[in-house]
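Novice: Going down the list, the sequences are from chains A and B.
If you count by the numbering used here, then the first sequence holds residues 3 to 331, one letter each, in order.
If you count by the numbering used here, then the second sequence holds residues 3 to 331, one letter each, in order.
Idealized CB from N, CA, C, for every residue including glycine.
Number of protein chains: 2
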Amino acid sequence: MRPELLSRVLSLLPQAGRRPELNVYAHMLRDYPQRGGKGIRSELLLASARAHGAQQGTPAWEGALWLAAALELFQNWVLIHDDIEDDSEERRGQPALHRLHGVPLAINAGDGLHAYMWAAVHRAGVPGSMEEFLDMIHRTAEGQHLDLSWVEQRTWTLSEADYLEMVQLKTAYYTVVVPLRLGALAAGAPPAQAFTEAGLALGAAFQIRDDVLNLTGDPTRYGKEIGGDLLEGKRTLIVLHWLAAAPEAQRAAFVEQMRRDRPDKDAAAIAEIHRWLLGSGSVAHAQAFADARAAEGLTLLEGALQGAPDQAAVRELLDAMRALATRDA
Amino acid sequence: MRPELLSRVLSLLPQAGRRPELNVYAHMLRDYPQRGGKGIRSELLLASARAHGAQQGTPAWEGALWLAAALELFQNWVLIHDDIEDDSEERRGQPALHRLHGVPLAINAGDGLHAYMWAAVHRAGVPGSMEEFLDMIHRTAEGQHLDLSWVEQRTWTLSEADYLEMVQLKTAYYTVVVPLRLGALAAGAPPAQAFTEAGLALGAAFQIRDDVLNLTGDPTRYGKEIGGDLLEGKRTLIVLHWLAAAPEAQRAAFVEQMRRDRPDKDAAAIAEIHRWLLGSGSVAHAQAFADARAAEGLTLLEGALQGAPDQAAVRELLDAMRALATRDA
Numbered sequence: 003m004r005p006e007l008l009s010r011v012l013s014l015l016p017q018a019g020r021r022p023e024l025n026v027y028a029h030m031l032r033d034y035p036q037r038g039g040k041g042i043r044s045e046l047l048l049a050s051a052r053a054h055g056a057q058q059g060t061p062a063w064e065g066a067l068w069l070a071a072a073l074e075l076f077q078n079w080v081l082i083h084d085d086i087e088d089d090s091e092e093r094r095g096q097p098a099l100h101r102l103h104g105v106p107l108a109i110n111a112g113d114g115l116h117a118y119m120w121a122a123v124h125r126a127g128v129p130g131s132m133e134e135f136l137d138m139i140h141r142t143a144e145g146q147h148l149d150l151s152w153v154e155q156r157t158w159t160l161s162e163a164d165y166l167e168m169v170q171l172k173t174a175y176y177t178v179v180v181p182l183r184l185g186a187l188a189a190g191a192p193p194a195q196a197f198t199e200a201g202l203a204l205g206a207a208f209q210i211r212d213d214v215l216n217l218t219g220d221p222t223r224y225g226k227e228i229g230g231d232l233l234e235g236k237r238t239l240i241v242l243h244w245l246a247a248a249p250e251a252q253r254a255a256f257v258e259q260m261r262r263d264r265p266d267k268d269a270a271a272i273a274e275i276h277r278w279l280l281g282s283g284s285v286a287h288a289q290a291f292a293d294a295r296a297a298e299g300l301t302l303l304e305g306a307l308q309g310a311p312d313q314a315a316v317r318e319l320l321d322a323m324r325a326l327a328t329r330d331a
Numbered sequence: 003m004r005p006e007l008l009s010r011v012l013s014l015l016p017q018a019g020r021r022p023e024l025n026v027y028a029h030m031l032r033d034y035p036q037r038g039g040k041g042i043r044s045e046l047l048l049a050s051a052r053a054h055g056a057q058q059g060t061p062a063w064e065g066a067l068w069l070a071a072a073l074e075l076f077q078n079w080v081l082i083h084d085d086i087e088d089d090s091e092e093r094r095g096q097p098a099l100h101r102l103h104g105v106p107l108a109i110n111a112g113d114g115l116h117a118y119m120w121a122a123v124h125r126a127g128v129p130g131s132m133e134e135f136l137d138m139i140h141r142t143a144e145g146q147h148l149d150l151s152w153v154e155q156r157t158w159t160l161s162e163a164d165y166l167e168m169v170q171l172k173t174a175y176y177t178v179v180v181p182l183r184l185g186a187l188a189a190g191a192p193p194a195q196a197f198t199e200a201g202l203a204l205g206a207a208f209q210i211r212d213d214v215l216n217l218t219g220d221p222t223r224y225g226k227e228i229g230g231d232l233l234e235g236k237r238t239l240i241v242l243h244w245l246a247a248a249p250e251a252q253r254a255a256f257v258e259q260m261r262r263d264r265p266d267k268d269a270a271a272i273a274e275i276h277r278w279l280l281g282s283g284s285v286a287h288a289q290a291f292a293d294a295r296a297a298e299g300l301t302l303l304e305g306a307l308q309g310a311p312d313q314a315a316v317r318e319l320l321d322a323m324r325a326l327a328t329r330d331a
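Dropping the structure here:
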């Protein structure tokens with residue numbers, strides 16, 4: 003995230019404790035935010051605020067900055083808990099928090115950071131923003147529940163529609179829909195109805211792009227393990243599309259690996275599945291689907307922002323959204 | 003908690019989802035609140051509101067009820083996460099949530115419930131109450147961090163003062179200090195300064211009583227496993243007092259068991275340690291300490307409430323606090 007947001011985030015968090023143990027706690031809260039996340043969601047919120055007429059140095063801009071800080075805090079506490087739920091190894095190129103400090107302390111640090119998120123929302127003082135955050139968390143938790151319960155139940159008989167429902171709940175609201183809405187609210191404008199449909203399309207495109215990068219990305223630029231989604235048994239559009247037409251032997255080998263917990267998966271078998279996926283047409287299918295959804299979302303968004311007061315900012319926002327859906331890392 | 007609070011809590015939570023998986027999610031959110039917790043903290047908040055003049059049927063009382071519902075939601079999401087952090091087996095006589103659904107889904111359900119707590123705080127609309135909840139969560143998370151890091155590091159070289167600092171942060175604020183303050187705020191009165199010192203004394207007494215019951219309680223009435231604190235390696239005043247004077251062989255046997263993770267502990271050795279503790283004077287020492295702190299806290303609280311508008315309610319509040327510190331379950 004941009005430095006002025008990071009310093010806002012850090013200004014809310016404890017610096018040090020009265021005891022050595024509480025120094026560790028303070029350090030844990032500050033760790034993920036300082037690992038250099040891209041700040042995609044906060045930038046989108048700020049771009050939306052500018053498009054809706056919030057100008058730097060005004061109270062509206064100040065409100066937008068606190069909401070952007072809150073969104074970054076949301077992202078960071080969710081990542082701490084997600085990394086435990088998925089038993090991820092890395093986050094932004096470093097070990098996941100629970101791998102440094104153990105699961106109990108990491109759950110607790112995530113809870114602490116969650117509360118500081120609400121402190122930022124409160125500080126923003128933007129009418130309607132608390133409802134947006136409540137709604138966002140409810141949906142994100144539902145999406146996360148869907149995803150985790152499929153992992154837990156070893157459910158692979160899922161349609162592309164199932165996947166899209168999960169991704170909309172788990173990713174699209176907090177990545178696109180809510181940042182667009184919060185930017186409007188910060189500027190004192192009612193959020194356009196069309197933000198929801200546009201954001202769901204763009205959010206799905208964003209997540210599918212992430213799924214593609216997880217298989218094909220540059221390990222030095224992509225912050226997570228390449229192939230990590232396979233190790234974590236994640237449902238992706240790519241895998242569901244491939245499964246529907248895979249040779250029976252490949253399908254059986256896949257399901258056998260996915261039946262195992264992460265530590266029991268066979269690295270060689272996973273590497274082979276990874277190669278099958280790359281060799282199938284499923285990555286291209288998923289990317290084409292994402293491109294179509296992105297184009298659809300951009301058209302809707304362009305329409306929704308036609309009357310917005312700052313059209314230069316609207317163009318920047320649309321460019322940034324387009325770049326996100328086609329990013330390389 | 004009282005039925006009218008439970009129905010308020012449940013009215014905020016999802017009833018059922020659009021998919022079978024989301025029915026499970028809704029069920030998980032509603033599970034702990036429906037297990038019949040005693041509602042100690044919400045009753046204290048309501049008693050404080052009455053003492054400060056909030057009358058049933060008024061907007062002030064309505065605000066107090068929503069804050070009480072929020073406090074119950076706080077207690078319940080914290081318990082879901084605590085049970086994971088401590089790897090507890092039971093909660094209120096039934097398996098802990100993560101033992102029913104696995105750790106990932108239970109972490110996520112706790113996060114969902116956390117957000118609904120803020121919905122209840124928001125619904126109450128009582129000025130200053132959001133700050134109270136923020137402050138309460140920050141302190142509780144710090145106390146939990148202390149407790150968990152001692153478990154993690156196998157730290158037993160702790161003084162009674164260390165234990166008390168942990169318990170004040172982890173238990174006293176959310177159990178006594180903040181309910182007293184929120185009751186005043188709901189009634190439109192500034193919380194008395196002395197609530198903090200009174201609440202810290204009473205909260206410590208409450209927790210020490212809980213530690214005593216965990217060793218000596220009636221298994222049919224106490225909602226957790228008797229001896230569970232030993233299996234979880236919890237620091238208590240009883241254990242720290244006993245360790246300071248225990249025969250070397252007993253001390254060594256204790257430390258050897260506490261070095262092990264819960265599943266590796268030897269049940270017979272733990273049962274023997276349990277007997278040593280019961281046979282030592284340490285339970286009586288801890289109970290006497292708790293009684294003294296309770297008396298001190300009650301005196302401070304009586305003084306702080308001398309000028310409160312409803313003195314009948316003040317007497318009820320003091321009686322309830324006295325009962326808590328000497329309860330049997």
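#1: Is it true that the CB of I139(A) sits closer than 8 Å to the CB of G112(A)?
#2: Quick one, are the C-beta atoms of N110(A) and A174(B) less than 8 Å apart?
#3: Let me know the alpha helix (DSSP H) ranges lying completely inside the stretch 226-288 of chain A, each 4 residues or longer, listed in chain order.
#4: When the Cβ atoms of the stretch 153-162 of chain B are set against those of the stretch 17-37 of chain B, are three or more pairs found closer than 8 Å?
#5: Using C-beta distances below 6 Å, list every residue in its chain close to W278(A), excluding the 5 sequence neighbours before and after it, in chain order.
#6: May I have a chain-ordered list of the alpha helix (DSSP H) segments no shorter than 4 residues that lie completely inside the stretch 27-69 of chain B?
#7: Do the stretch 189-199 of chain B and the stretch 48-67 of chain B make contact, defined as three or more Cβ pairs closer than 8 Å?
#8: Unbroken alpha helix (DSSP H) runs of length 4 or more, entirely within the stretch 89-174 of chain B: which are they?
#9: Mark K267(B) as exposed unless 16 or more other C-beta atoms lie within 10 angstroms of its C-beta, in which case mark it buried.
#10: Under three-state DSSP, which class holds M323(A)?
#11: For M260(A), return the contacting residues in chain B, with the cut-off set at a CB-CB distance below 9 Å.
#12: Beta carbons nearer than 7 Å to chain B: which residues of the stretch 104-120 of chain A have them?
#13: Compare the C-beta of V169(A) against all C-beta atoms of chain B and say whether one is closer than 8 Å.
#14: Our contact map puts E74(A) next to V11(A) with C-beta atoms below 8 Å; I'd like the distance itself, whole angstroms only.
#15: Go ahead and pull the three-state DSSP assignment for L184(B).
#16: Indicate whether the contact test is met: 3 or more Cβ pairs, each with one atom in the stretch 245-260 of chain A and one in the stretch 288-301 of chain A, closer than 8 Å.
#17: When you compare the CB positions of A186(B) and A296(B), do they come within less than 8 Å of one another, or not?
#18: Determine, for A143(B), whether the minimum Cβ-Cβ distance to residues of chain A falls below 8 Å.
#19: Note down, in chain order, all residues in the stretch 127-151 of chain A with a beta-carbon under 7 Å from any beta-carbon belonging to chain B.
#20: Which two residues bound the contiguous alpha helix (DSSP H) that contains R215(A)?
#21: Interface residues of chain A around V11(B) at Cβ under 9 Å?
#22: Going by the beta-carbon positions, is the gap between M30(B) and F76(B) smaller than 8 Å?
#23: Please confirm if L75(B) has its CB atom under 8 Å from at least one CB of chain A.
#24: Hey, does V1(A) have any beta-carbon neighbour from chain B nearer than 8 Å?
#25: What does Y175(B) touch in chain A if you count any residue whose Cβ is under 9 Å from its own?
#26: For the pair the stretch 164-184 of chain B and the stretch 208-220 of chain B, tell me if three or more CB-CB distances fall below 8 Å.
#27: Please check the pair L320(B) and L303(B), which I expect to be a contact at CB under 8 Å, by giving their CB distance rounded to whole angstroms.
#28: Report yes if the C-beta distance between A322(B) and A53(B) is below 8 Å; otherwise report no.
#29: Using the C-alpha atoms, what's the distance from E133(B) back to T177(A)?
#30: Between which residues of its own chain and R183(A) is the CB-CB distance below 7 Å, once the five residues before and five after are set aside?
#31: Please check if any C-beta of chain B sits within less than 8 Å of the C-beta of E23(A).
#32: Of all the options E91(A), L242(A), H116(A) and S90(A), which has the alpha carbon lying nearest to the alpha carbon of N1(A)?
#33: Does any residue of chain B bring its CB to less than 8 Å from the CB of Y34(A)?
#34: Measure how close the beta-carbons of L239(A) and E162(A) come, nearest whole angstrom, since I'm counting them as under 8 Å.
#35: Could you tell me the alpha carbon to alpha carbon distance between A108(B) and A28(B), rounded to whole angstroms?
#36: State yes or no: is the C-beta of L150(A) within less than 8 Å of the C-beta of P106(B)?
Specialist: On the basis of the coordinates in this document:
#1: no
#2: No. Outside cutoff.
#3: Uninterrupted alpha helix (DSSP H) stretches at least 4 residues long and entirely within the stretch 226-288 of chain A occur at 230-233, 239-247, 250-260 and 269-281, given in chain order.
#4: no
#5: Q252
#6: 42-53
#7: yes
#8: Whole alpha helix (DSSP H) segments, 4+ residues: 99-103, 105-126, 131-155 and 162-169.
#9: Its Cβ being crowded by 16 or more others within 10 Å, K267(B) is buried.
#10: helix
#11: Proximity of chain B to M260(A) at the Cβ level (cut-off 9 Å) is not reached, the minimal Cβ distance being about 16 Å.
#12: G104, P106, L107, I109, N110, D113, G114, H116, A117 and W120
#13: no
#14: 6 Å
#15: helix
#16: no
#17: no
#18: yes
#19: M132, L136, I139, H140, A143, E144, Q146, H147, L148, L150 and S151
#20: Here the sequence assigns Leu to residue 215(A), which means Arg is not the residue at that position. Per DSSP, L215(A) belongs to the alpha helix (DSSP H) from A196 to T218.
#21: Correct list: empty, because the minimum Cβ distance to chain A is about 15 Å.
#22: no
#23: no
#24: Since the first and last residues shown for chain A are 3 and 331, residue 1(A) lies out of range.
#25: The contacting residues do not exist; Y175(B) stays about 13 Å from chain A at best.
#26: yes
#27: Rounded, the Cβ-Cβ distance is 7 Å, consistent with contact.
#28: no
#29: 28 Å
#30: E134, P193 and F197
#31: yes
#32: The requested residue 1(A) does not occur in the structure, where chain A is confined to residues 3 to 331.
#33: no
#34: 6 Å
#35: 12 Å
#36: Yes, they are a contact pair.
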